[in-house]
Amino acid sequence: MASGKIIFMPLGGAQEVGASCYFLKLGENNILLDCGCGSTHGIKFTPQFSALLNTPYLQDFHQVSHIFLSHAHLDHSAALPDFLELNERAAVYMTDLTREILSAQLEERFARIEGNISSVAFLQKIPLPHLKISFHQAGHIPGAMMTLINFRGKNILYTGDYSTFPTQLVGSALLPPVKIDILILCGLHARHPNYRRFGDSDSALKKILRKIYFALRYGKSVYCQVTQISKGVELITLINKFLPQAEIFIDDRVMRIVHRFENVHIPIMREQNHPLSAFPQGPHVILSTRPPPMHTGLEILNGDFSLHDDFAATVDFVRQVNPKICVVVHSPPDKIFHSNTTLEQVLINDPDSRTSFIFPKTGEPFEL
Ligand SMILES: [Zn+2]
Ligand SMILES: [Zn+2]
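For the sequence shown, our numbering assigns the number 34 to the initial residue and increments by one for each residue that follows.
Dropping the structure here:
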């Protein structure tokens, strides 16, 4: 008789951000949830795929049949070509928009893996042996999906990065209308009780907008470097909305994604937006994925910001889902306030919560 065991093991991106990749064994089915890269001090790293071969769960990478890719951010997607070199047969599922953004980001590395990829739509169901799988809107960035897996009557939801608030480009996450038994949560702020999102005066986005506003007002130009191409697009829409007079010059990588969004009817560009090759004049904003040039007199800005639920929203989300088990990943410790308060400690005191929590380490397998 086939085994009904559920095994979960992070290969990266457990109690940290970067190289998100989670192995899920459902009976005979071996699945990867996401396949991203990380970097520390500028040095790139991939998930610890080989750790799998040291477990009793897998003898050969070809036993991994399916990969579900939540969204196009590099910490969830950029190691896909590396894994497909180990297993050229794995079938990869992602939304059309994720595929578009990924192809612009991975460039020639994408062409080599395109044959493995199938596009899926929200609410589409795919049947696999002993599994029913469907995909749901995750908010966060265009194309981001949650993956719901039904295995032997149990519902397992992998959130990927998600947001329960609408952003400039996407609506909020839409939970599937079923009872969730196991929640695999990308809980970026699950251990940051003091972190509050946009709306608070500290929010990174407001700071960026305020700095741009003052620089332009005093006749200066701004060079804003973004870490992720899709965040560049988000910033363009924000600047267009809140600083409509600002002239924005956009680098070729961000521009490529802008065109892809516009192709699928997400309008981004306005008259004040130009390609960087158009020789900026007068006070302006440059949005680029590349490091700023030296000695230019431009005001340099870090364009990084969060598109994740804050601590309070994370608690509310898990309270609402109320799973039996919540596996928290993508969840770095609180390096600013060194607080030890987690999502778990808040919900343990909630009489209506039935959830027990696991904060797994990379390479640590759990039977769920
Ligand atoms: Zn993300
Ligand atoms: Zn992420």
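Glycine residues also receive a C-beta, built at the ideal position from the N, C-alpha and C atoms.
- Per DSSP, the continuous beta strand (DSSP E) segment holding histidine 169 begins and ends at 164 to 170.
- No heavy atom of ligand 2 is found nearer than 8 Å to the CB of cysteine 257.
- A check of alpha carbon separations from proline 313 across Glu280, Met288, Phe344 and Leu334 identifies Glu280 as the nearest.
- Put simply, the backbone Cα of valine 351 is about 8 Å away from that of cysteine 359.
- Taking asparagine 149 as the centre and dropping the five residues before and after it, the same chain places the C-beta of Leu117, Ala123, Ala124 and Val125 closer than 7 Å to its C-beta, in chain order.
- Here the alpha carbon of phenylalanine 390 sits roughly 44 Å from the alpha carbon of isoleucine 319.
- Positions of the beta strand (DSSP E) runs, each at least 3 residues long and wholly inside the segment 323 to 373, are given as 332 to 335 and 358 to 362 in order along the chain.
- Ligand 2 has no heavy atom closer than 8 Å to the beta-carbon of histidine 225.
- Rounded to whole angstroms, the Cβ separation of isoleucine 64 and histidine 99 is 5 Å, and the two are in contact under 8 Å.
- No Cβ-Cβ contact shorter than 9 Å links tyrosine 191 with leucine 59.
- A residue is called buried when at least 16 other Cβ atoms come within 10 angstroms of its Cβ; asparagine 296 does not meet this threshold and is exposed.
- In the DSSP secondary-structure assignment, glutamine 258 is bridged to Ser321 and Asn335.
- Bridge pairing for threonine 73: Ile76 [DSSP].
- CA-CA distance, isoleucine 217 to proline 175, rounds to 21 Å.
- Distances from the CB of serine 364 to the heavy atoms of ligand 2 are all 8 Å or more.
- Cα atoms of tyrosine 195 and lysine 239: separation of roughly 20 Å, rounded to the nearest angstrom.
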